[in-house]
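*Asks:* Take a look at this one; I'll ask things after.
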Amino acid sequence: MSNTSSERSPQYFVDSLQQYVLAPLSAATHLVNQERKEVNVEQEAFEKFRERLEGIDPAPTPPDRAMRITGRTSTTNRVNRVRTAYRETVLSIPHYDDAYGESLVEHFANEFGAAVAVNIRPESSVSFTLPYKNTLEARATQAIRKREEFVRILETEIQSVESARADLLEVSAALDTTIIPEWHHESFTEQLDTVAERRQQTIQERGSLPKIDHHSLCAYLYEDKPWTYPVLTAVARTREVVSLEYSTNPETTSSARG
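The opening position of the sequence shown corresponds to residue 1 in the working numbering, with each subsequent residue numbered one higher.
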């Protein structure tokens with residue numbers, strides 16, 4: 001009897017409301033934290049690859065035919081070292097197959113550019129020259145910087161979601177039941193509007209990356225969820241489960257009874 005009474009208490013429904021409302025925010029925080037960890041791993045992998053590049057001396061310009069023949073062999077060895085370095089660093093991250101699943105040349109082309117990737121194909125005979133080495137190091141640095149910026153964007157997303165969580169917890173903590181009395185309608189609605197507006201402002205003001213704008217970032221991060229915008233979904237759920245109570249006009253009631 002006591003268990004049934006407890007389950008039907010107003011506080012039980014308020015607790016259930018919080019779980020339902022905050023579920024998208026909990027899921028979003030978990031997903032973004034996981035993404036941030038993976039991006040950090042990728043950044044470290046590119047840093048290690050760049051270090052490996054520094055240890056590969058570029059091929060000298062051969063002055064005669066004999067040295068050109070020798071140079072082809074040394075160039076092949078150098079390119080093989082580049083391929084090995086990339087395979088043992090960037091392609092060896094734990095989530096590579098799940099996140100990318102590309103061949104070495106395909107991934108290299110996506111990160112460094114198709115024109116640069118041509119030179120690391122097994123059949124390539126292009127010399128591993130100093131300009132080419134410099135290009136590889138510069139592109140590796142770009143890959144590192146891109147991930148550093150993405151981590152900052154992800155941290156902004158986490159802060160935004162956690163801020164919304166705190167605001168919605170504050171809203172729900174003030175409730176004794178899931179029914180809002182008429183005198184509290186305006187302030188309750190304003191609180192929810194403020195949460196939604198603050199979130200929209202954060203989305204518009206945060207940075208973006210090439211091919212990933214404000215909205216496609218949310219679509220990317222939350223592609224496996226039935227929602228794209230966790231905070232707006234949480235706000236909508238709050239409006240959905242809370243009932244607004246309206247007072248009855250005494251005169252109307254008396255007239256109806258008469």
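For glycine and all other residues, C-beta sits at the position ideal for the given N, C-alpha and C. These figures come from a predicted structure and were not determined experimentally.
Would you call the segment 142-158 and the segment 30-38 in contact, with 3 or more CB pairs under 8 Å?
*Replies:* Enough Cβ pairs lie closer than 8 Å, so yes.
*Asks:* Buried or exposed, going by whether 16 or more other CB atoms sit within 10 Å of the CB of Ile-69?
*Replies:* Here the model assigns Ile-69 a pLDDT of 48, short of 50, so the residue's position is not dependable, and the following value carries that caveat. Ile-69 is exposed by the Cβ-count criterion.
*Asks:* Could you pull the DSSP bridge partners for Ile-179 from this structure?
*Replies:* For Ile-179, which the question treats as bridged, DSSP gives the partners Ser-243.
*Asks:* Give the single residue among Ala-174, Tyr-229, His-184 and Glu-186 whose Cα lies nearest to the Cα of Gln-328.
*Replies:* Residue coverage of the chain in this structure runs from 1 to 258, which leaves residue 328 outside it and unanswerable.
*Asks:* Spatial neighbours of Leu-25 within its chain, please: CB distance less than 6 Å, with the 5 preceding and 5 following residues excluded, ordered by chain position.
*Replies:* Result list for Leu-25: Val-161, Arg-165, Pro-230 and Ala-234, in chain order.
*Asks:* Counting pairs of beta carbons, one from the segment 48-56 and one from the segment 177-192, are three or more of them closer than 8 Å?
*Replies:* Too few Cβ pairs lie closer than 8 Å, so no.
*Asks:* Terminal residues of the continuous alpha helix (DSSP H) containing Arg-147?
*Replies:* Segment 130-173, the alpha helix (DSSP H) holding Arg-147.
*Asks:* In chain order, what residues of the same chain lie with their CB nearer than 8 Å to the CB of Thr-238, ignoring the 5 residues before and after it?
*Replies:* Excluding positions up to five away in sequence, the list reads Leu-17, Val-21, Leu-168, Val-171, Ser-172 and Leu-192.
*Asks:* Please report how far the alpha carbon of Phe-128 lies from the alpha carbon of Leu-104, in whole angstroms.
*Replies:* One C-alpha to the other measures close to 18 Å.
*Asks:* Spatial neighbours of Thr-89 within its chain, please: CB distance less than 7 Å, with the 5 preceding and 5 following residues excluded, ordered by chain position.
*Replies:* So the qualifying residues of the chain are Ala-45, Lys-48, Phe-49 and Arg-52.
*Asks:* Look at the alpha carbon of Lys-146 and the alpha carbon of Ala-85, and state the distance between them as a whole number of angstroms.
*Replies:* About 20 Å.
*Asks:* To the nearest angstrom, how far is it from the Cα of Leu-91 to the Cα of Leu-136?
*Replies:* Approximately 16 Å, taken between the alpha carbons.
*Asks:* Apart from the five residues on each side of it in sequence, which residues of its chain come closer than 6 Å, Cβ to Cβ, to Lys-133?
*Replies:* Answer for Lys-133: Pro-58, listed in chain order.
*Asks:* Taking the straight line between their C-alpha atoms, what separation do you get for Val-82 and Ala-99?
*Replies:* Cα to Cα, Val-82 sits roughly 22 Å from Ala-99.
*Asks:* Quick one: Cα of Phe-112 to Cα of Ala-23, how far?
*Replies:* So the two alpha carbons sit approximately 39 Å from each other.
*Asks:* For Ser-255, which of helix, strand or coil comes out of DSSP?
*Replies:* Residue placement at Ser-255 is flagged as unreliable, the pLDDT there being 38, under the threshold of 50; the coordinate-derived value follows with that caveat. Ser-255: helix per DSSP, three-state reduction.
*Asks:* Quick one: residues in its chain with C-beta nearer than 7 Å to the C-beta of Leu-31, no 5 flanking neighbours on either side, listed in chain order?
*Replies:* Here the set comprises Leu-221 and Tyr-222.
*Asks:* Alpha carbon to alpha carbon, how far is Ala-28 from Thr-156? Give it in angstroms, no decimals.
*Replies:* In a straight line, the C-alpha of Thr-156 is about 13 Å away from that of Ala-28.
*Asks:* Label Glu-42 either buried or exposed according to how many other C-beta atoms from any shown protein chain fall within 10 Å of its C-beta, with 16 as the threshold for buried.
*Replies:* Its Cβ being crowded by 16 or more others within 10 Å, Glu-42 is buried.
*Asks:* Excluding the 5 residues flanking Gly-71 on each side, which residues of the same chain have their C-beta closer than 8 Å to its C-beta?
*Replies:* Because Gly-71 sits at a pLDDT of 48, beneath the cut-off of 50, its placement in the model cannot be relied upon, and the following sentence gives the value as read from the coordinates. Taken in chain order, the residues that qualify are Ala-59, Pro-60, Pro-62 and Ser-127.
*Asks:* Suppose the cutoff is 6 Å on Cβ atoms and the five residues either side in sequence are ignored; what does the same chain contact list for Met-67 look like?
*Replies:* Note that Met-67 has pLDDT 49, beneath the 50 cutoff, so the model's placement of it is unreliable and no number is given.
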